[in-house]
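Working notes for the structure below.
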Amino acid sequence: MTIDTRGVNERTESMPWPMPVLEVVLGALEGAKVVFALDWFRGYWQLPLHEDSQELFTFITHRGMYTPTRVPMGATDAVAYCQGVVEEIFGGLLGNGILAWLDDILGYAESDDELLPLLDQVLARCEAYGLKLHAKKCEFFEIEVMWCGKMVSAAGVRHCSDRVQGLVEMQPPQTAGDLQQP
Numbered sequence: 001m002t003i004d005t006r007g008v009n010e011r012t013e014s015m016p017w018p019m020p021v022l023e024v025v026l027g028a029l030e031g032a033k034v035v036f037a038l039d040w041f042r043g044y045w046q047l048p049l050h051e052d053s054q055e056l057f058t059f060i061t062h063r064g065m066y067t068p069t070r071v072p073m074g075a076t077d078a079v080a081y082c083q084g085v086v087e088e089i090f091g092g093l094l095g096n097g098i099l100a101w102l103d104d105i106l107g108y109a110e111s112d113d114e115l116l117p118l119l120d121q122v123l124a125r126c127e128a129y130g131l132k133l134h135a136k137k138c139e140f141f142e143i144e145v146m147w148c149g150k151m152v153s154a155a156g157v158r159h160c161s162d163r164v165q166g167l168v169e170m171q172p173p174q175t176a177g178d179l180q181q182p
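Shown next as structure tokens:
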């Protein structure tokens with residue numbers, strides 16, 4: 001569920017947080033031949049919302065009033081907060097066999113023997129912090145995985161063909177009106 005957080009967002013001072021630049025961090029994959037990809041189950045909703053902020057995000061439906069206890073998607077600082085938590089959890093592993101973009105984690109190594117202890121460390125940290133992973137979205141000991149909408153393998157990084165198919169099949173505009181959004 002996503003709620004309309006515009007009212008709160010307009011009154012929120014943004015928390016500055018340097019997000020990793022995917023094109024830069026993906027350079028760390030050079031030499032990697034085997035990877036794993038992990039995805040948090042329900043993303044931000046695993047992160048607790050500070051008690052002082054809970055009332056601000058309270059919303060009403062036809063079934064009653066609800067006060068969230070977890071970080072809502074769409075909140076001004078949700079992305080920065082999530083990335084900050086990820087960097088706190090995985091700290092020294094980032095750039096040393098692990099890449100993390102919000103709730104998507106990528107592990108990489110030159111061999112299965114190198115990847116296994118890395119996976120153990122990541123899973124131990126997930127357990128220690130109570131992070132649950134989405135089993136159907138996790139892949140282990142693969143030569144290619146989709147991570148952050150890109151196909152990652154020893155051959156490099158490329159766009160996922162499924163994600164660009166709509167652009168490939170799009171008809172070119174015939175008139176100026178075709179260029180305008182409906």
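Residue 29 in UniProt numbering is what sits at position 29 of the sequence shown, and the numbering runs on without skipping anything. Quick reminder that beta carbons are idealized off the backbone N, C-alpha and C, glycines included. Computed from a predicted model, the values in this text were never measured in an experiment.
Residues bridged to residue i [DSSP beta-bridge criterion]
i   : result
F59 : Y66
P48 : R70
L38 : I105
Coarse secondary structure for residue i, derived from DSSP in three states
i    : result
Y129 : coil
G97  : coil
V79  : helix
E114 : helix
V21  : coil
S153 : strand
R6   : helix
R163 : helix
E144 : strand
E169 : helix
Beta carbon of residue i nearer than 7 Å to that of residue j
i           : j    : result
N9          : T58  : no
R42         : I89  : no
T69         : L94  : no
G31         : E144 : no
V25         : L99  : yes
M151        : C138 : no
W45         : D104 : no
L102        : Q83  : yes
residue 185 : G177 : Because the chain here runs from 1 to 182, residue 185 falls outside it and cannot be looked at.
Alpha-carbon spacing of residue i relative to residue j, whole angstroms
i           : j    : result
F141        : D39  : 15 Å
residue 185 : Y66  : Since the first and last residues shown for the chain are 1 and 182, residue 185 lies out of range.
K33         : L47  : 32 Å
E127        : A135 : 14 Å
G107        : G92  : 13 Å
T5          : A78  : 11 Å
P16         : Y81  : 10 Å
V85         : M170 : 39 Å
G64         : F36  : 42 Å
L133        : L22  : 22 Å
G166        : Q180 : 17 Å
A155        : L29  : 10 Å
residue 184 : P20  : Because the chain is modelled from 1 through 182, residue 184 falls outside the range shown and cannot be assessed.
S14         : Y129 : 25 Å
Interface flag, residue i vs chain D, CB-CB below 7 Å
i    : result
K136 : Within the model displayed, chain D is absent; a lone protein chain is all it includes.
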